[in-house]
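Residue numbers (the working numbering), protein chains in the order written: chain S, 1 to 185; chain Z, 1001 to 1673.
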């Protein structure tokens, strides 16, 4: 697909950002369930289906809410699983990243969003847009409103969804076969 | 496409066979069964038809140790024309006689990722002849997969096979897989055919069926996503075979095929261009009044262009165009060439109406023009100009609603229109004067058969018992059913004296094919398949079919010479398959059973036909149960030793009207490197 024209991208981003902001305001804190090991195993496989995917050692931001204990615990679990993950072509190096410091955070091509981030979708989208980051989450609401790129649910069946808007806004694209197989929003 | 990566991500097999677009198997808008590489290994089978025998709704007739015909949902016959077989989407179905010569498939079982069996018509994607179903054999990918394996099989009656598969990767964007095989068997006792002698007292085959094959498959992608692919294969096969219409014969094949493809992202979607050439030389040493045993050279060129796009989040579209050029010649056609040119356009549209409901519509239109160069014998009622330039234009479609109300339920409601064209043998004259009597001549005015299918499918995951259950119910009609002069026993219906003499001075009879009416099939399949974490696996299925012919010409069904089109009696009504297996530590053990109800086979007893009619015979095949088993042991990671057995509960078993099948025991050594 051709990249949207700059004006369209800006307008589109504004709409996504406003939607994400509204979602943040309406969302009860800590509403999302904790991320599971299987969510992570499935989610990081999505990296292989990026157009021009990263290779070798790749730093991955594990974005949590440092002021939310459940979110921090979820992020720490993700760090442990990711450090132990054996990717075939990629070695993931997890880096805990507090959502409250995203404005000053380094650039990451991949970010995993921990649980309990419902009120920070707008910051996540803004961060991903600035750094062209693939954001992966087990909170499908983040994808459905266009704030995260890739969402994964693994119970009772594997479900993988992609936000076209977030994908375009963040400059993240997937190979055609993958896009044909996921549900897009 | 990275089948392995996608399968690992989605936790289920992935397919492109249903719509031409990658899909999870559960989302496919057709009744489909996917046989995985693990299923293939554990089956212990050493041929694809023997693997397919255990799929609900698939009918396999084994006429010889290496000769099989595969039908889906009834209407199976020698040289079965209604099932389209593909290797990685490339046709290996042979247009001349309209069938699949299974020993000429170049793939080794070890390099197959999965076999996708689509039950029911899918002409809208594949064109003519995908009417009973489609079998797409998908091999491992040379870029993403690494298969390096050598297998030696040896066992009963002197059978032995050596095969090897090797993969080379060039960085992470290019790879080549190469395979080769040599296989020798001993034919079943052809003298045990129900009516002998054939071919004037000489059994039509006394040799050893054998095959050799080589296959090369390479792929490369650029950093920008442009994909290149190339495939090529070559080989030979010889076997006893029951050919079109039930004629026993010795057949040898020599073949080579080449395919090239390039594809990439464009502003209008993923565009793929591919072309391939299939060459097949058949040598027939037929068990009939063969004046000159003949060879036929059939060459097919195919050029395909497709564009796959997702213009909106809920919509996927595939557009395609295809050109085919098919030509046949050889010693059977001295100085002549027959064939066709075909132009087709197709479109698929998938609309995800809601997260639970999807609609898939596919449509295709085929325009085929016959080509004939040469002379026509004076005994034939058509002229050369009538054989040349005759055309068909036929639409086909598949439409399906897929409804997934819960995470464990999937329901499909589908309808399809498909087109079966006559094969080249039935469209063109047989030009060797006196080649046989009756003289079997094609008709340029034969109409394609039209198949309509209406179907309801339901799939439910049963997590409590770690299983998945499937149910399919269908109603299928075939209009303008093709009765071919090659069909055993149709002579009295189709043949008439030509007023000429044959090569031996006898009055000659000429037979032409006809569209003879309609046939209706109603049936269903129910199956259960599962596995548990302790290594147990199980499967069971039941298939039922009831066929009713509505033949619009008068005939006497009690006379075998008048009744080869008797579909209701030529398919077993009930088939039960079951299997149980377990893996524990280095061991694997599996047992599978197949029971089918009785049916009638009708074949030709070859020989000098004094009455100018082929003497057909009908054989009633009793219901039978056959059991296969495999035990495998891996003493170290890279080596597996196995013993496999087919038909363990019978020394000999009459499965068809030809020679009875014989028990087969094989030892298998596999080394991976």
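Glycine included, each C-beta is placed from N, C-alpha and C at the ideal position.
Scanning its chain for C-beta atoms nearer than 7 Å, with the 5 sequence neighbours on each side dropped, one finds around residue 1409 of chain Z the residues 1460, in chain order. With respect to the C-alpha of residue 1213 of chain Z, the residue from Z:1223, Z:1180, Z:1228 and Z:1347 having the closest C-alpha is Z:1180. With a contact defined as Cβ atoms closer than 8 Å, residue 1403 of chain Z and residue 1342 of chain Z miss out at about 36 Å. About 13 Å separates the Cβ atoms of residue 1423 of chain Z and residue 1078 of chain Z, ruling out a contact at the 8 Å cut-off. Per DSSP, the beta-bridge partners of residue 58 of chain S are S:92. Closer than 8 Å to the CB of residue 183 of chain S there is at least one CB belonging to chain Z. In its chain, beyond the 5 residues on either side, 63, 64, 65, 66, 117, 120, 123 and 124 have a beta carbon closer than 8 Å to the beta carbon of residue 99 of chain S.
Under DSSP, residue 1618 of chain Z takes part in a beta bridge, and its partners are Z:1602. In terms of beta-carbon proximity, residue 39 of chain S stays away from the interface with chain Z, with every pair separated by 8 Å or more. Around the Cβ of residue 1476 of chain Z, a 10 Å sphere holds 16 or more other Cβ atoms; the residue is buried. Neighbourhood of residue 156 of chain S in chain Z, by CB distance below 8 Å: 1407, 1408, 1461 and 1463, in chain order. The CB of residue 1443 of chain Z never comes closer than 8 Å to any CB in chain S; the least such distance is about 44 Å. For residue 1376 of chain Z, the closest C-alpha among the options Z:1427, Z:1091 and Z:1217 is that of Z:1427. Setting aside the 5 residues that flank it on each side, residue 1264 of chain Z is surrounded in the same chain by 1225 and 1226, each with a C-beta closer than 6 Å to its C-beta; the list follows chain order. Where residue 33 of chain S is concerned, there is no enclosing alpha helix (DSSP H), because DSSP gives it neither an H nor an E.
Beyond the five residues adjoining it in sequence on each side, residue 1574 of chain Z comes within less than 6 Å, by CB distance, of 1544 and 1597 in the same chain, given in chain order. Look at residue 1006 of chain Z: its C-beta is under 8 Å from a C-beta on chain S. Proximity of residue 1172 of chain Z to chain S, defined by a Cβ-Cβ separation below 8 Å, is satisfied. For residue 143 of chain S, the enclosing alpha helix (DSSP H) covers residues 140-144.
A straight line joining the alpha-carbon of residue 1243 of chain Z with that of residue 1284 of chain Z spans about 9 Å. Check the Cα spacing between residue 1528 of chain Z and each of Z:1470, Z:1326 and Z:1448: the tightest is with Z:1470. Just measuring C-alpha positions, the residue of Z:1049, Z:1119, Z:1139 and Z:1276 sitting nearest residue 1001 of chain Z is Z:1139.
Annotated as distal: residue 1259 of chain Z and residue 1024 of chain Z, with beta-carbon spacing of 8 Å or more. Taking a Cβ-Cβ cut-off of 9 Å, the neighbours of residue 42 of chain S in chain Z comprise 1008, 1009, 1010 and 1011, given in sequence order. Contact check for residue 1634 of chain Z against residue 1567 of chain Z fails: the beta carbons are separated by 8 Å or more. Under the three-state reduction of DSSP output, residue 1128 of chain Z falls in the coil class, being neither helix nor strand. Beyond the five residues adjoining it in sequence on each side, residue 57 of chain S comes within less than 7 Å, by CB distance, of 91 and 93 in the same chain, given in chain order. Bridge pairing for residue 1329 of chain Z: Z:1297 [DSSP]. Under the three-state reduction of DSSP output, residue 1653 of chain Z falls in the strand class. In the DSSP assignment, residue 123 of chain S falls within the alpha helix (DSSP H) that extends over 121-131. With a threshold of 8 Å between beta carbons, residue 1140 of chain Z makes no contact with chain S. Of the candidates Z:1535, Z:1040 and Z:1271, the residue whose Cα lies closest to the Cα of residue 1585 of chain Z is Z:1535.
Among the bridge pairs identified by DSSP, residue 1391 of chain Z is matched with Z:1369. Chain S has a Cβ within less than 8 Å of the Cβ of residue 1001 of chain Z. Residues of chain S with a Cβ closer than 9 Å to the Cβ of residue 1321 of chain Z do not exist, since the nearest Cβ in that chain sits about 19 Å away. Note on residue 1464 of chain Z: under 16 other CB atoms within 10 angstroms of its CB, so exposed under the neighbour-count rule.
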